[in-house]
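Chain order of the listed sequences is A and B. In terms of the working numbering, the first sequence is residues 647 to 833. In terms of the working numbering, the second sequence is residues 8 to 315. A virtual CB, placed ideally from N, CA and C, is assigned to each residue, including glycine. To start, the structure itself, in structure tokens.
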Amino acid sequence: MYTASDLRKGLRLKIDNEPYVIVEFNFVKPGKGQALYRTKLKNMINGNQFERTFRSVDNFEPADLREKKMQYLYKEGDKFCFMDNENYEQVYLTEDQVGDAVNFLLDNIEVEILLFEDRPIGISLPNFVELFVTEAEPWAKGDTVSGATKPVKVQTGYTILVPTFVSEGEKIRIDTRTGEYLTRVKG
Amino acid sequence: MRDEQFYLARKSGNLRLRAVLISSIRRFFEKHLFLEVETPLCIPAPAPEEHIEAIPSEDWFLQTSPELYMKRLMAAGYPRIFQICKCFRANERGNRHLPEFTMLEWYVAQFDYHQLMDQCETLLIDAFQSAKQMQSIAQLPSEIHFCSPWHRITVADAFMQYAPVSLEEALEKNRFDEILVEYVEPHLGKDRPLFLYDYPRSMAALAKLKEDRPDIAERFELYIGGIEIANGFSELTDPVSQRRRFEEALAFRAGENRAKYPMPEPFLAALENLPPCAGIALGIDRLIMILTGTSTIDDVVAFPPEWL
Numbered sequence: 647m648y649t650a651s652d653l654r655k656g657l658r659l660k661i662d663n664e665p666y667v668i669v670e671f672n673f674v675k676p677g678k679g680q681a682l683y684r685t686k687l688k689n690m691i692n693g694n695q696f697e698r699t700f701r702s703v704d705n706f707e708p709a710d711l712r713e714k715k716m717q718y719l720y721k722e723g724d725k726f727c728f729m730d731n732e733n734y735e736q737v738y739l740t741e742d743q744v745g746d747a748v749n750f751l752l753d754n755i756e757v758e759i760l761l762f763e764d765r766p767i768g769i770s771l772p773n774f775v776e777l778f779v780t781e782a783e784p785w786a787k788g789d790t791v792s793g794a795t796k797p798v799k800v801q802t803g804y805t806i807l808v809p810t811f812v813s814e815g816e817k818i819r820i821d822t823r824t825g826e827y828l829t830r831v832k833g
Numbered sequence: 008m009r010d011e012q013f014y015l016a017r018k019s020g021n022l023r024l025r026a027v028l029i030s031s032i033r034r035f036f037e038k039h040l041f042l043e044v045e046t047p048l049c050i051p052a053p054a055p056e057e058h059i060e061a062i063p064s065e066d067w068f069l070q071t072s073p074e075l076y077m078k079r080l081m082a083a084g085y086p087r088i089f090q091i092c093k094c095f096r097a098n099e100r101g102n103r104h105l106p107e108f109t110m111l112e113w114y115v116a117q118f119d120y121h122q123l124m125d126q127c128e129t130l131l132i133d134a135f136q137s138a139k140q141m142q143s144i145a146q147l148p149s150e151i152h153f154c155s156p157w158h159r160i161t162v163a164d165a166f167m168q169y170a171p172v173s174l175e176e177a178l179e180k181n182r183f184d185e186i187l188v189e190y191v192e193p194h195l196g197k198d199r200p201l202f203l204y205d206y207p208r209s210m211a212a213l214a215k216l217k218e219d220r221p222d223i224a225e226r227f228e229l230y231i232g233g234i235e236i237a238n239g240f241s242e243l244t245d246p247v248s249q250r251r252r253f254e255e256a257l258a259f260r261a262g263e264n265r266a267k268y269p270m271p272e273p274f275l276a277a278l279e280n281l282p283p284c285a286g287i288a289l290g291i292d293r294l295i296m297i298l299t300g301t302s303t304i305d306d307v308v309a310f311p312p313e314w315l
């Protein structure tokens with residue numbers, strides 16, 4: 647069981663026998679009042695979202711989810727096709743189910759497919775991925791500590807804001823939960 | 008170049024504004040003949056409040072507010088004191104909450120809560136002027152007008168105006184906080200800073216009750232742009248009813264299985280000599296949030312806890 651203090655963005659809960667993920671989370675508390683946990687929950691099967699506010703005394707059941715390694719094959723129409731490497735079975739996910747993971751999906755890479763009671767319902771990305779910068783404006787020298795950012799493109803075609811000192815060909819680490827740049831990776 | 012330098016460099020404007028604001032606040036209090044004081048951060052007994060959790064430190068606690076010690080100074084005859092210090096509260100982390108945050112707190116003898124609202128308004132208008140002189144940085148939200156007079160509305164009226172249920176109904180169903188946060192707060196201080204005042208007795212363990220309405224405490228909160236910035240009240244100076252209110256709060260805490268706090272006996276003893284006065288606590292970090300137009304408190308401190 648989870649308690650209210652476990653709640654955070656990305657946590658998966660079982661509510662009314664369906665898996666939900668917390669897509670927005672905010673801790674609120676009037677100065678002398680009680681702590682409240684405002685969440686926006688997304689149904690992991692049909693994508694429906696709703697808002698709910700919890701109190702510190704509330705308890706939650708974790709969603710029973712497991713992951714299985716599969717290979718990303720191709721996209722056909724609005725379906726993404728993956729292959730189970732153990733039994734060569736193919737499974738399909740919709741664009742909704744793939745969601746923002748499309749920004750980090752390269753052909754033929756191995757991904758974790760998320761199963762809820764043995765049904766494929768989405769992709770489970772690692773929290774961090776490393777991708778090469780494929781398009782970037784050159785770095786204007788002297789602009790080291792201004793804290794300015796610029797957009798660059800990575801291998802998957804995803805556009806991301808990075809510090810101005812990042813250049814084309816470099817590898818960067820991205821937080822897949824926020825889609826934001828974290829740091830440069832050496833080598 | 009390390010990324011930490013990048014993230015810290017991005018905050019330089021906010022951190023400079025923070026320094027300007029704090030020094031202009033100090034100047035204001037010096038000009039008005041306040042004494043700046045320092046009270047201990049590590050204390051044996053925090054104020055027994057229902058919903059504020061102290062962080063233990065060995066057998067003692069880190070202070071959740073400097074209130075008890077500042078009132079002990081007032082009781083000893085210091086008529087105007089202020090302090091800018093760190094306060095610590097367990098389990099408080101969000102866009103507007105840090106478990107370690109900076110509080111400005113001040114007390115004035117012979118003031119009541121309405122006089123203190125006036126003074127708070129004067130102080131902040133003064134501080135905003137200093138901030139505005141840093142034009143490149145300060146982004147006072149253009150839709151909010153800071154000139155006097157700021158709005159004042161009672162809690163009961165605010166519920167009537169904005170909430171789907173009345174204040175009485177919200178209290179009865181134990182939904183006061185929920186409804187305040189959901190329906191009322193977002194409207195407060197939208198076009199002009201606003202003082203919300205006259206709280207239900209149960210929401211103010213250390214405030215004086217109104218003489219003609221003992222169900223109402225002379226407590227107020229300042230809101231700017233929907234954000235709670237400060238909390239103040241006419242201080243409760245009667246040790247007998249203060250002890251009873253603390254006992255109620257401690258009983259509530261015991262019922263909810265929350266940490267036990269010892270009764271702050273030296274504070275209750277000092278209360279015998281506390282003159283009529285009013286006091287207020289103001290969140291410095293949130294004030295900088297308003298001035299910089301940021302939606303997360305992480306942007307106005309150099310190191311949020313996750314970076315340590």
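By the DSSP assignment, the alpha helix (DSSP H) with residue i in it spans what residues?
{"i": "Met-296 (chain B)", "result": "291 to 299"}
{"i": "Val-247 (chain B)", "result": "246 to 262"}
{"i": "Ile-132 (chain B)", "result": "120 to 139"}
{"i": "Lys-38 (chain B)", "result": "19 to 38"}
{"i": "Ile-394 (chain B)", "result": "Past the edges of chain B, shown from 8 to 315, lies residue 394 (chain B), and the structure says nothing about it."}
{"i": "Asp-704 (chain A)", "result": "Note, Asp-704 (chain A): premise wrong, no alpha helix (DSSP H); not H, not E."}
{"i": "Phe-274 (chain B)", "result": "272 to 278"}
{"i": "Val-115 (chain B)", "result": "No alpha helix (DSSP H) holds Val-115 (chain B); the beta strand (DSSP E) holding it covers 107 to 116."}
{"i": "Lys-78 (chain B)", "result": "74 to 82"}
{"i": "Glu-179 (chain B)", "result": "174 to 179"}
Exposed or buried, which one is residue i when buried takes at least 16 other CB atoms within 10 Å?
{"i": "Ala-261 (chain B)", "result": "exposed"}
{"i": "Tyr-720 (chain A)", "result": "exposed"}
{"i": "Glu-128 (chain B)", "result": "buried"}
{"i": "Tyr-718 (chain A)", "result": "buried"}
{"i": "Lys-215 (chain B)", "result": "buried"}
{"i": "Lys-93 (chain B)", "result": "exposed"}
{"i": "Gly-825 (chain A)", "result": "exposed"}
{"i": "Ile-295 (chain B)", "result": "buried"}
{"i": "His-152 (chain B)", "result": "exposed"}
{"i": "Cys-49 (chain B)", "result": "exposed"}
{"i": "Asn-264 (chain B)", "result": "exposed"}
{"i": "Met-8 (chain B)", "result": "The pLDDT assigned to Met-8 (chain B) is 48, lower than 50, so where the model puts this residue is not dependable, and the model offers no usable value."}
{"i": "Pro-312 (chain B)", "result": "exposed"}
{"i": "Ile-755 (chain A)", "result": "exposed"}
In chain A, which residues lie less than 9 angstroms from residue i when you measure between Cβ atoms?
{"i": "Leu-187 (chain B)", "result": "Pro-676 and Gly-679"}
{"i": "Met-270 (chain B)", "result": "By Cβ distance, chain A contributes nothing, its closest Cβ being about 19 angstroms from Met-270 (chain B), past 9 angstroms."}
{"i": "Met-210 (chain B)", "result": "Pro-676, Lys-678 and Gly-679"}
Whose Cβ in chain B lies nearer than 7 angstroms to the Cβ of residue i?
{"i": "Pro-809 (chain A)", "result": "Phe-13"}
{"i": "Gly-793 (chain A)", "result": "Phe-13, Ala-16 and Arg-17"}
{"i": "Ser-651 (chain A)", "result": "Asn-98"}
{"i": "Thr-829 (chain A)", "result": "Asp-10"}
Let's see if you can read the secondary structure: which residues bound the beta strand (DSSP E) around residue i?
{"i": "Glu-756 (chain A)", "result": "756 to 762"}
{"i": "Asp-205 (chain B)", "result": "201 to 207"}
{"i": "Gln-743 (chain A)", "result": "Counting along the chain, Gln-743 (chain A) falls outside any beta strand (DSSP E), though it belongs to the alpha helix (DSSP H) covering 741 to 744."}
{"i": "Glu-183 (chain B)", "result": "As written in the sequence, residue 183 (chain B) is Phe, which differs from the Glu given in the question. Looking at the DSSP string, Phe-183 (chain B) is not in any beta strand (DSSP E); the run it does join, the alpha helix (DSSP H), is 183 to 186."}
{"i": "Leu-243 (chain B)", "result": "That residue, Leu-243 (chain B), is in no beta strand (DSSP E); it is neither H nor E in DSSP."}
{"i": "Gln-90 (chain B)", "result": "87 to 95"}
{"i": "Phe-726 (chain A)", "result": "725 to 730"}
{"i": "Leu-659 (chain A)", "result": "658 to 661"}
Just the chain B side, please: which residues come within less than 9 angstroms of residue i by C-beta, in chain order?
{"i": "Asn-672 (chain A)", "result": "Gly-101, Asn-102 and Arg-103"}
{"i": "Thr-805 (chain A)", "result": "The premise fails here: Thr-805 (chain A) is roughly 19 angstroms from chain B at the closest Cβ pair, so nothing lies under 9 angstroms."}
{"i": "Thr-699 (chain A)", "result": "Glu-185, Val-188 and Glu-189"}
Using a cut-off of 8 angstroms between C-beta atoms, extract the partners of residue i located in chain B.
{"i": "Leu-682 (chain A)", "result": "Asp-184, Glu-185 and Val-188"}
{"i": "Ser-813 (chain A)", "result": "None at all; the shortest Cβ gap to chain B is about 12 angstroms."}
Starting from the beta carbon of residue i, find every residue of chain A whose beta carbon is closer than 8 angstroms, and list them in chain order.
{"i": "Asp-119 (chain B)", "result": "The premise fails here: Asp-119 (chain B) is roughly 19 angstroms from chain A at the closest Cβ pair, so nothing lies under 8 angstroms."}
{"i": "Asn-238 (chain B)", "result": "Gly-677 and Lys-678"}
{"i": "His-58 (chain B)", "result": "Lys-675, Lys-678, Gly-679, Gln-680 and Ala-681"}
What residues are listed by DSSP as bridge partners for residue i?
{"i": "Ser-770 (chain A)", "result": "A:Glu-758"}
{"i": "Thr-649 (chain A)", "result": "A:Asn-705"}
{"i": "Met-210 (chain B)", "result": "Answer is none; Met-210 (chain B) lacks a bridge partner."}
{"i": "Ile-231 (chain B)", "result": "B:Ile-234"}
{"i": "Phe-778 (chain A)", "result": "A:Lys-817"}
{"i": "Ile-304 (chain B)", "result": "Answer is none; Ile-304 (chain B) lacks a bridge partner."}
{"i": "Gly-286 (chain B)", "result": "B:Tyr-114 and B:Phe-240"}
{"i": "Gln-717 (chain A)", "result": "A:Met-729 and A:Glu-756"}
Give the interface partners of residue i over in chain A, defined as CB-CB distance under 7 angstroms, in chain order.
{"i": "Glu-235 (chain B)", "result": "Pro-676 and Gly-677"}
{"i": "Glu-242 (chain B)", "result": "Ordered by position in chain A, no residue passes the 7 angstroms Cβ test against Glu-242 (chain B), which lies about 15 angstroms from the chain."}
Original post:
Where in the stretch 672 to 698 of chain A do unbroken runs of the beta strand (DSSP E), each at least 3 residues long, occur, reported from the N-terminal end onward?
Top reply: 682 to 689
Subject >> Sequence ranges, alpha helix (DSSP H) only - wholly within the stretch 142 to 171 of chain B, length at least 4 >> reply: 162 to 169
Original post:
What are the uninterrupted segments assigned as beta strand (DSSP E) that are 3 or more residues long and contained completely in the stretch 782 to 831 of chain A, given in chain order?
Top reply: Taken in chain order, the complete beta strand (DSSP E) segments of 3 residues or longer contained in the stretch 782 to 831 of chain A are 795 to 800, 805 to 809, 817 to 821 and 826 to 831.
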